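Take 128 as the starting number for the sequence shown in our numbering and just add one per residue.
Don't be surprised by glycine CBs; every beta carbon is placed ideally from N, CA and C.
Remember, it's a predicted structure, so these values are computed and weren't measured experimentally.
See structure below.
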Amino acid sequence: MLLLASGCGKKEAEVDPNAATTSGLTGEPVRIGALVASTGTFSVAGSYHQRTLLMVSQELSATGVSGRPLEVIIKDTNGSPDKTVTFCKELIDDPSVLAILGPSTTGELLQVKPLCEEAHIPLICYASGDVILEPPTKYTFKTSPRDVHAAALLFKAMKDKGVSRIGLITDNTGFGKMGWEMVDAMAPDYGITVVERVMFDRNATDVNEAVDKLKPLNIDGILTWASVPTQGLVAKTMRQIGMGIPVFQSHGFGNIKYVEQGGIACEGTIFPGTKVLLPNSLPEGHPQKAFLAAYKRNYEERFGEPAMVFGTDACDALMIAVKAVELGGTDREKLRDTIENMKGYVGAGGVFSFSPEDHNGLGPEAFDMLVVRSNRFAFCKRPEKPATPAATR
């Protein structure tokens, strides 16, 4: 299947969130539902989900899916669990909908997961929390890389820099709250002591109080685990009050706009990021390079904003659903079985190999450690081409 092989045309700042794809193909359309928080507090992620789903589904409409048109039914949840539940029930009750993608946040996901499990419909989510798959269930899958892998890479990077006592700053989103608990639980295994923890409100316009609380402590590094743009101000605030210790960020930092917000103070910030941030720096022959370079170019040309992991998570959710239809047909149960048995699928976020025990399918190699240099992202160590070629898409 040829996907994202060429530019998408003129730049487009606004799109219809409920637009359906059309094509000249015949037969009943392959219908897939999608829950996105394209407006509201969580649009920082949901807008990427929505725009990517529109872009990819419109490209797929040219060739269709198994000779049939593709229709992606996008529902804007506004980040509201109540709306998410309502829309999810509507999609479940439509027998022509084969699978549901999303929703955008972990909180919403936890509300609809039991509904999809009971209805026996595949739910391919792009929210980030690892709790999504705990405990493992039959119909729920996750395309975003695992938080535990990001945390492990961060702790190793801290040890490499001689950092052993840290202050932890999180936002009060579901992502931040789970980061708080996970960092606390994992840090001792890597010889890292979390001296103090501070949480800031997702709607805050500064992080002064959080950083001030950490300044007098005996720490040699700060880790921020957040998903909202304010996280970009942590390094700037530290610089303003004379804190010169290393700054580490979670994978929620992978948006160059956050670096621009913090300015020169972000220089040297280390974080785990996915390969979409630097696809052209991947070695020749890397299985993700061509696909990611095209995705990044097309997304940025069309929407005028940097591509980031939220979009690739949604891209993978849709493409995995489409691939499963091509391989397994248009029955919900067969679709689920096909996804669970998919191996070596080269996606935007990594190479997926699902199993009954693993409905994420990604390992630590989905992440690379990145650093801010001269207001740009750079690999700490350039990724190597995998020794064994992955399966083609």
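What number of angstroms, rounded off, separates the C-alpha of residue i from the C-alpha of residue j?
{"i": "Val386", "j": "Leu404", "result": "13 angstroms"}
{"i": "Thr457", "j": "Arg509", "result": "41 angstroms"}
{"i": "Leu228", "j": "Leu409", "result": "29 angstroms"}
{"i": "Thr332", "j": "Thr357", "result": "6 angstroms"}
{"i": "Asp464", "j": "Ala444", "result": "15 angstroms"}
{"i": "Arg366", "j": "Ala392", "result": "6 angstroms"}
{"i": "Glu235", "j": "Val499", "result": "32 angstroms"}
{"i": "Met305", "j": "Lys265", "result": "23 angstroms"}
{"i": "Arg459", "j": "Ser354", "result": "33 angstroms"}
{"i": "Ala417", "j": "Val478", "result": "14 angstroms"}
{"i": "Phe504", "j": "Gly390", "result": "13 angstroms"}
{"i": "Asp203", "j": "Val321", "result": "38 angstroms"}
{"i": "Tyr317", "j": "Leu497", "result": "20 angstroms"}
{"i": "Ser501", "j": "Glu411", "result": "25 angstroms"}
{"i": "Ile557", "j": "Gly301", "result": "Absent from the model: residue 557. The displayed extent of the chain is 128 to 520, so no value can be given."}
{"i": "Ala448", "j": "Val163", "result": "16 angstroms"}
{"i": "Ile349", "j": "Ala475", "result": "30 angstroms"}
{"i": "Ser150", "j": "Ala362", "result": "Low confidence applies to Ser150: its pLDDT is 46, below 50, so where it sits in the model is not reliable, and the reading given next is rough at best. Spanning the two alpha carbons is a distance of roughly 48 angstroms."}
{"i": "Phe268", "j": "Phe214", "result": "19 angstroms"}
{"i": "Arg195", "j": "Ala161", "result": "19 angstroms"}
{"i": "Glu244", "j": "Asp209", "result": "18 angstroms"}
{"i": "Ala434", "j": "Lys402", "result": "11 angstroms"}
{"i": "Thr148", "j": "Met469", "result": "Because Thr148 carries a pLDDT of 44, less than 50, the predicted location of this residue cannot be relied on, and no value is offered for it."}
{"i": "Thr168", "j": "His413", "result": "36 angstroms"}
{"i": "Arg424", "j": "Gln415", "result": "14 angstroms"}
Which residues bound the beta strand (DSSP E) around residue i?
{"i": "Ala226", "result": "Val224 to Leu228"}
{"i": "Ile296", "result": "Arg292 to Asp298"}
{"i": "Val321", "result": "Thr320 to Phe327"}
{"i": "Pro156", "result": "That residue, Pro156, is in no beta strand (DSSP E); it is neither H nor E in DSSP."}
{"i": "Leu350", "result": "Gly348 to Trp352"}
{"i": "Phe214", "result": "Careful: Phe214 lies outside any beta strand (DSSP E), inside the alpha helix (DSSP H) at Pro208 to Asp220."}
Could you pull the start and end residues of the alpha helix (DSSP H) that residue i belongs to?
{"i": "Arg463", "result": "Arg459 to Glu467"}
{"i": "Arg429", "result": "Lys416 to Phe430"}
{"i": "Arg366", "result": "Leu360 to Gln367"}
{"i": "Val310", "result": "Gly301 to Met313"}
{"i": "Ile259", "result": "Segment: none, Ile259 is in no alpha helix (DSSP H) and carries neither H nor E."}
Please tell me whether residue i has its Cβ less than 7 angstroms away from any Cβ of chain D.
{"i": "Gly318", "result": "Any reference to chain D falls outside this structure, which holds one protein chain only."}
Using DSSP with H/G/I as helix, E/B as strand and the rest coil, what is residue i?
{"i": "Ala475", "result": "coil"}
{"i": "Lys450", "result": "helix"}
{"i": "Leu409", "result": "coil"}
{"i": "Ser334", "result": "It is worth fixing the name first, because residue 334 is Val in this sequence and not Ser. Coil, per DSSP."}
{"i": "Phe169", "result": "coil"}
{"i": "Ser174", "result": "helix"}
{"i": "Pro511", "result": "Sequence inspection shows Glu at residue 511; the Pro mentioned does not correspond to that position. Residue state, collapsed to three classes: coil."}
{"i": "Lys283", "result": "helix"}
{"i": "Val403", "result": "helix"}
{"i": "Glu394", "result": "coil"}
{"i": "Thr267", "result": "strand"}
{"i": "Met435", "result": "coil"}
{"i": "Leu532", "result": "Since the first and last residues shown for the chain are 128 and 520, residue 532 lies out of range."}
{"i": "Ala254", "result": "coil"}
{"i": "Lys470", "result": "coil"}
{"i": "Lys240", "result": "helix"}
{"i": "Ser184", "result": "helix"}
{"i": "Leu497", "result": "strand"}
{"i": "Ile200", "result": "strand"}
{"i": "Val386", "result": "helix"}
{"i": "Phe380", "result": "helix"}
{"i": "Ala505", "result": "strand"}
{"i": "Val374", "result": "strand"}
{"i": "Val192", "result": "strand"}
{"i": "Pro516", "result": "Because the pLDDT at Pro516 is just 46, under 50, the model does not fix this residue reliably, and the point stays unresolved."}
{"i": "Val355", "result": "coil"}
{"i": "Thr148", "result": "Only weak support exists for where Thr148 lies, its pLDDT of 44 falling under 50; the coordinates are left without a value."}
>> With a threshold of 8 angstroms, are at least 3 pairs of Cβ atoms found where one atom belongs to the stretch 210-227 and the other to the stretch 480-500?
In response: no
> So, do the stretch 321-330 and the stretch 285-296 have three or more beta carbon pairs nearer to each other than 8 angstroms?
Replying inline: yes
>> Under 8 angstroms, with one C-beta from each stretch per pair, do the stretch 239-252 and the stretch 169-184 reach the 3-pair mark?
In response: no
> For the stretch 269-282 against the stretch 373-381, are there 3 or more C-beta pairs whose distance is under 8 angstroms?
Replying inline: As far as the Cβ criterion goes, the stretch 269-282 touches the stretch 373-381, which means the pair count is three or higher.
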